[in-house]
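Residue numbers (the working numbering), protein chains in the order written: chain B, 3 to 214; chain G, 3 to 214.
Beta carbons: idealized from backbone N, C-alpha and C, even for Gly.
There are 2 protein chains.
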Amino acid sequence: MARRATGAAQRVVAAAEVLRDEKFNARRIELAEAALETLGELGFARTSLREIAQNSAFTHGVFHYYFSDKLDLICCCVRHYKAKCVTRYDEVVASAQNRDELMEGFLAKLTATLETEARMHRLWYDLRSQAMFEAAFRKDVLEIDKSLEAMIWRIASRYAELGNKRPASSPAALYALFDGLFQSALLRHLADDKKAVPDLLDEVRRLLPTIC
Amino acid sequence: MARRATGAAQRVVAAAEVLRDEKFNARRIELAEAALETLGELGFARTSLREIAQNSAFTHGVFHYYFSDKLDLICCCVRHYKAKCVTRYDEVVASAQNRDELMEGFLAKLTATLETEARMHRLWYDLRSQAMFEAAFRKDVLEIDKSLEAMIWRIASRYAELGNKRPASSPAALYALFDGLFQSALLRHLADDKKAVPDLLDEVRRLLPTIC
DNA sequence: CAGCCGTCTTGACGGTTGTCCAAATTTCTT
DNA sequence: AAGAAATTTGGACAACCGTCAAGACGGCTG
Numbered sequence: 003m004a005r006r007a008t009g010a011a012q013r014v015v016a017a018a019e020v021l022r023d024e025k026f027n028a029r030r031i032e033l034a035e036a037a038l039e040t041l042g043e044l045g046f047a048r049t050s051l052r053e054i055a056q057n058s059a060f061t062h063g064v065f066h067y068y069f070s071d072k073l074d075l076i077c078c079c080v081r082h083y084k085a086k087c088v089t090r091y092d093e094v095v096a097s098a099q100n101r102d103e104l105m106e107g108f109l110a111k112l113t114a115t116l117e118t119e120a121r122m123h124r125l126w127y128d129l130r131s132q133a134m135f136e137a138a139f140r141k142d143v144l145e146i147d148k149s150l151e152a153m154i155w156r157i158a159s160r161y162a163e164l165g166n167k168r169p170a171s172s173p174a175a176l177y178a179l180f181d182g183l184f185q186s187a188l189l190r191h192l193a194d195d196k197k198a199v200p201d202l203l204d205e206v207r208r209l210l211p212t213i214c
Numbered sequence: 003m004a005r006r007a008t009g010a011a012q013r014v015v016a017a018a019e020v021l022r023d024e025k026f027n028a029r030r031i032e033l034a035e036a037a038l039e040t041l042g043e044l045g046f047a048r049t050s051l052r053e054i055a056q057n058s059a060f061t062h063g064v065f066h067y068y069f070s071d072k073l074d075l076i077c078c079c080v081r082h083y084k085a086k087c088v089t090r091y092d093e094v095v096a097s098a099q100n101r102d103e104l105m106e107g108f109l110a111k112l113t114a115t116l117e118t119e120a121r122m123h124r125l126w127y128d129l130r131s132q133a134m135f136e137a138a139f140r141k142d143v144l145e146i147d148k149s150l151e152a153m154i155w156r157i158a159s160r161y162a163e164l165g166n167k168r169p170a171s172s173p174a175a176l177y178a179l180f181d182g183l184f185q186s187a188l189l190r191h192l193a194d195d196k197k198a199v200p201d202l203l204d205e206v207r208r209l210l211p212t213i214c
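Shown next, in the form of structure tokens:
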């Protein structure tokens, strides 16, 4: 009897702890999301915890309560960013019935991303560069890079499949190509180069059928 | 007579001024070079003028004497870096007698660069990302990017020429591809991934003959 | 030699940074 | 309802930042 009661009590305690943990984590993500706003605006180098707090509904103390460190906060931001980013093109891939549809869907999404989420993407490139200096970022960054490579590969292999072909390239090379093109287009777009987006679209429109 | 003397005096003054300017500029470059050392070690975000000064033979006041600003200093660093970087493969291109020689020379140089100048290259990626946030960097960064694209194009078109072919790609796409591959390899190399360099070499060895 | 000029040193400044903490407040448990 | 625990606040702290300026130094000119 005592044992059963103890067991039940333990279960209740454990459940409560899980709940608390989940709440704690949800708060962390809320804070990370707020931090991403400022990080995307100012970049890693110019962003301070106080600046993040001021541009959000939180005080700077809260951030220290939920994160042991500035690095801890930014790592959390990076991880959270990943989840949002990696599925961006999945719907297009799933719904496209033929090569043209996939191509146009991809290009449309690419344009939208470049024009409305430029800030988040420049932050990604910023943090990836930081990972070259700060070992604490590397694991997460490399993981995200792998996920993005897989994302591009899903698009490419589906595109090839719709033409009864197979991609004539490795996933790594294909990702390098698209990432390089996107990065260059992003920089030009941020520098107010009106041809940045059309040039990118032209390039992709020509390359994708060649490789896949 | 008076006119001639004045003319001569003016010429002397002008010459002295040019000399002073040259000396001034040489000093700027000396300082920029010293700054690059620390920047390559710590990255843009973590580098302060005082840190730069401490890691060099100069005092922090000198930097303020020669540069109006921190941005001014770093812009000068970037411009100086460009000159060193852009000609890296020219000798290989000029001396190679056939496709194999060019390929192997290129790969050797690539390996050496990745292994001995990783710090300078991660700084380049860092500053290119900074340009997405800081408008003051954009002009120089875009210019360097164009130069690097031209550098890659010289290699590729020479490689094609040695096989009586023409590159089957635009300069922009080719640069995007190689830059993406190099960036990824650099990150992995810095993360102590032993396969980073061999993987890059394999990829290039396969891709170059396909495209050119 | 005196005076000037370009160069450099040194220290001080106001402001910002990451971090920490004591107290206040809210939320949960009993 | 009362006490405990979790959360939040806002301020204090030392360290550091970019910038600046007063003055020292050394070479050159007159």
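Comparing alpha carbon positions, the residue from LEU189(B), LEU203(B), GLY42(B) and LYS72(B) closest to ASP142(G) is LEU189(B). Three or more beta-carbon pairs separated by less than 8 angstroms are not found between the region 154-167 of chain G and the region 158-168 of chain B, which leaves the two stretches without contact. LEU164(G) sits in coil when the DSSP states are folded into three classes, being neither helix nor strand. In the pairwise beta carbon analysis, the region 66-82 of chain B is classified as touching the region 23-39 of chain B: at least three pairs are separated by under 8 angstroms. Neighbours of TYR127(B) in chain G, taken as residues whose beta carbon is under 7 angstroms from its own, are SER131 and MET134 in chain order. Listed along chain G are ALA47, each with a C-beta nearer than 8 angstroms to that of PHE46(B). From the beta-carbon of SER172(G), the residues of chain B found nearer than 7 angstroms are GLU205. Using beta-carbon distances, LEU192(G) counts as an interface residue toward chain B, with a partner under 7 angstroms.
Secondary structure at GLY63(B): helix, using DSSP grouped into helix, strand and coil. Taking the Cα positions, ALA114(B) is about 15 angstroms away from ASP201(B). In the structure shown, ASP71(G) adopts coil according to DSSP, grouped into three states. 7 angstroms or more divides the Cβ of GLY63(G) from the Cβ of ALA178(B).
Contact check for MET134(B) against LEU116(G) fails: the beta carbons are separated by 7 angstroms or more.
Non-local C-beta neighbours of ALA187(G) in its own chain, meaning closer than 8 angstroms and more than five positions away in sequence, comprise LEU116, ALA198, VAL199, ASP201 and LEU202, ordered along the chain. Check the Cα spacing between ALA37(G) and each of LEU125(G), TYR127(G), CYS79(G) and MET153(G): the tightest is with CYS79(G).
Taking C-beta separations shorter than 6 angstroms and ignoring five residues to either side along the sequence, the partners of SER58(G) in its chain run ALA36, following chain order.
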